[in-house]
Amino acid sequence: MPRSVRLPVGAPAGPPDGVVPGAAPVLRLVVLGESTAAGTGAPTYETGMAGHLARQLAADGRQVAWRSLGRNGARARVVTRDLVPRMNDGGAPSHVVVLIGINDLQRSWRGAWARDVADLLRVVQRTSPDARVVVSGLPDVTAIPALPPPLGPVLARRARRFGWATERAAAASGAVYVPVDHLALNPADFSADGLHPGPDGYARWARHLAPYLTR
């Protein structure tokens, strides 16, 4: 039986930042990392991870200024080198969410990942020492429609090992690690490319992460 056709997705439309109105003091959110931090798969940045997280955080009436700071295909070391130096543009964030690992999962050994993610989180902490930093684990890669079945379980085993290394790096840097591989994602949660989340997938992911930003 032929596999479904997967359609490419472009960058989200609109500005990569925004404000959800509310009361002071302002919560300043930066979503940092690879393509999911960039909102790839969503039609707009507001329907990507940053926008969904901002609305979750504003649910209690606070004003939230949010920014999406991601790059498609970025590995941890690229985020450290190119994106972290831009974290404080427009004001230091009070909250940072790090979405990273899927590109490293396919190209790095566990030892290299442990080093690279530890370096990334140390530099994030040094750049914005007052921010609360939450690091998302990788979703269940076997649920990604675009991955051929033989590859999914192999990457899932690697993802678990990467998760252990990420959890240790987060603890060492004072960040909070949040596993998400138990989230029940279905094909409707993904975009047309079958690889990146769509708006529903980002919303589900954001609902899980948001409480860890305010604890």
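If you read the sequence shown in my numbering, its first letter stands for residue 215, the second for the next number, and so on.
Built from N, CA and C at the ideal position, the CB exists for glycine as well.
*asked:* Out of Arg-418, Pro-229, Val-244, which one is the CA nearest neighbour of Pro-257?
replied: Pro-229
*Nearest-angstrom Cα separation, counted from Ser-350 out to Val-219*: Low local confidence applies: a pLDDT of 40 at Val-219 is under 50, so the model's placement there is unreliable, with the coordinate-based value given in what follows. Cα to Cα, Val-219 sits roughly 29 Å from Ser-350.
*Of all the beta strand (DSSP E) runs that stay within the bounds of the region 225–291, which reach a length of 3 or more residues?*
231–234, 237–247, 276–284
*Helix, strand or coil for Ser-387, going by three-state DSSP, please let me know.*
helix
_C-alpha gap between Val-234 and His-266, whole angstroms_ = 10 Å
*Which residues bound the beta strand (DSSP E) around Leu-313?*
309–313
_As assigned by DSSP and simplified to three states, the class of Val-394_ = coil
_Where Trp-378 falls, given that 16 or more other Cβ within 10 Å makes a residue buried_ = exposed
*Cα-Cα, which of Ala-360, Ala-272, Met-263, Pro-239 is closest to Val-312?*
Met-263
*Straight-line Cα distance separating Ala-225 from Arg-372*: 28 Å
_Please classify Thr-261 as buried or exposed, where buried requires at least 16 neighbouring CB atoms within 10 angstroms._
buried
_With H, G and I counted as helix, E and B as strand and the rest as coil, what does DSSP make of Arg-429?_
coil
*asked:* Can you check which of these residues, Gly-253, Trp-327, Thr-380, is closest to Asp-231 by C-alpha distance?
replied: Gly-253
*Go to Val-331, then tell me how far its alpha helix (DSSP H) extends in each direction, as first and last residue.*
324–341
*For Gly-404, which beta-bridge partners are listed by DSSP?*
At residue 404 the sequence reads Phe, which differs from the Gly that was named. Phe-404 is bridged to Pro-411.
*Spell out the partners DSSP gives Arg-346 in its beta bridges.*
His-309
*Option in Thr-294, Pro-401, Asp-330 with minimal Cα separation from Pro-359*: Pro-401
*Of the residues Ala-386, Val-337, Val-355, Val-298, which one's Cα is nearest the Cα of Phe-404?*
Val-355
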